[in-house]
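Peer 1: Numbering (our numbering), first residue to last: 52 to 303.
For each residue, glycine too, the CB sits at the ideal point set by N, CA and C.
All values reported here derive from a predicted model rather than from experimental measurement.
Let me give you the structure first, and then I'll get to my questions.
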């Protein structure tokens, strides 16, 4: 079983500002943003995180990596950021602390604490510019059930971000079938105005059985990002390097 990888990278204020500018995010300099692949997310967004695997065991227990990247800078002297994953009524997604145990070398810079249906990651950094990356492993089964969670980012000063995230996993042949089926079954039901604020991340992965669990080999570099262009009435699918891979015309 792969261990959780925790990376904390300190970057300069200029570097952070450039990253946000490149992503075309108009925001105050002190804001912290969630980042998945090439895209930054704010309170205007709603994310559907759609996983896919090819399996005959849809009701087994799974270990699926949920990747979190966020960066920017705070206005607080301590520059502490707390990332809270609020699972709400989907507490069944939370795996044991032993599976999500952090590396001992990170104990001075990050703490992970579970409190009932919440999991908190507390990051400490003495510098004003930060970019952090962490992983929470969840028990997400490929049964097509949507589970809504919330990601809350806060500093000592205030709450910075509260973002709804829908986690779903399907049993499909490949990533093309994954996004085609999701467009047909879910996105086609939404209005154009609803789609503007919707971002969809697709992650199709190989699996390995280990003990009582099936492990997804999630690779963020292989994820695809779907957005909607209201002017052209098209779904746009990019890879994590911002390369446009496909345009799909919306039928309505």
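For residue 96, which residues from the same chain have a beta carbon less than 7 Å from its beta carbon, with the 5 sequence-adjacent residues on both sides left out?
Peer 2: Here residue 96 is taken as the residue at index 45 of the chain shown, counted from 1. Answer for residue 96: 214, 248 and 250, listed in chain order.
Peer 1: Quick one: grab the DSSP three-state call for residue 294.
Peer 2: Residue 294 sits at position 243 when you count from the first residue of the chain shown. Coil.
Peer 1: So what's residue 125 in DSSP terms, helix, strand or just coil?
Peer 2: On the chain shown, position 74 is the one that residue 125 refers to. Looking at residue 125 - three-state DSSP - the assignment turns out to be coil, as it is neither helix nor strand.
Peer 1: Is there contact between the region 195-204 and the region 217-229, where contact requires at least three CB pairs shorter than 8 Å?
Peer 2: Yes: at least three Cβ pairs fall under 8 Å.
Peer 1: Looking at C-alpha atoms only, which residue of 256, 245, 146 and 121 is the closest neighbour of residue 268?
Peer 2: Stepping through the chain shown from its first residue, residue 268 is reached at position 217. For the set 256, 245, 146 and 121, the Cα lying nearest the Cα of residue 268 is the one of 256.
Peer 1: Under DSSP, the beta strand (DSSP E) around residue 166 begins and ends at which residues?
Peer 2: As a first step, residue 166 must be located in the chain shown, where it is residue number 115. Element bounds for residue 166: 161-166.
Peer 1: Within 10 angstroms of the Cβ of residue 207, are there 16 or more other Cβ atoms? Answer buried if so, exposed if not.
Peer 2: Translated into positions along the chain shown, residue 207 becomes position 156. So residue 207 counts as exposed.
Peer 1: For residue 285, which three-state DSSP category applies?
Peer 2: Along the chain shown, read from residue 1 onward, the residue named residue 285 stands at position 234. Three-state result, residue 285: strand.
Peer 1: In terms of alpha-carbon separation, which member of 297, 211 and 270 lies closest to residue 104?
Peer 2: Here the question's residue 104 lines up with position 53 in the chain shown. Minimum Cα distance to residue 104 is reached at 270.
Peer 1: Considering only DSSP beta bridges, list what residue 253 is partnered with.
Peer 2: Position 202 of the chain shown, counting from 1, holds the residue named residue 253. DSSP lists 101 and 275 as partners of residue 253.
Peer 1: Determine the DSSP secondary structure at residue 241, reduced to helix, strand or coil.
Peer 2: Here residue 241 is taken as the residue at index 190 of the chain shown, counted from 1. Coil at residue 241, not helix or strand.
Peer 1: Could you tell me whether the Cβ of residue 293 comes closer than 8 Å to any Cβ of chain C?
Peer 2: Within the model displayed, chain C is absent; a lone protein chain is all it includes.
Peer 1: Among 296, 262, 128 and 99, which one has its Cα closest to the Cα of residue 117?
Peer 2: Reading the chain shown from its first residue, position 66 is the one you call residue 117. Here the closest residue by C-alpha is 99.
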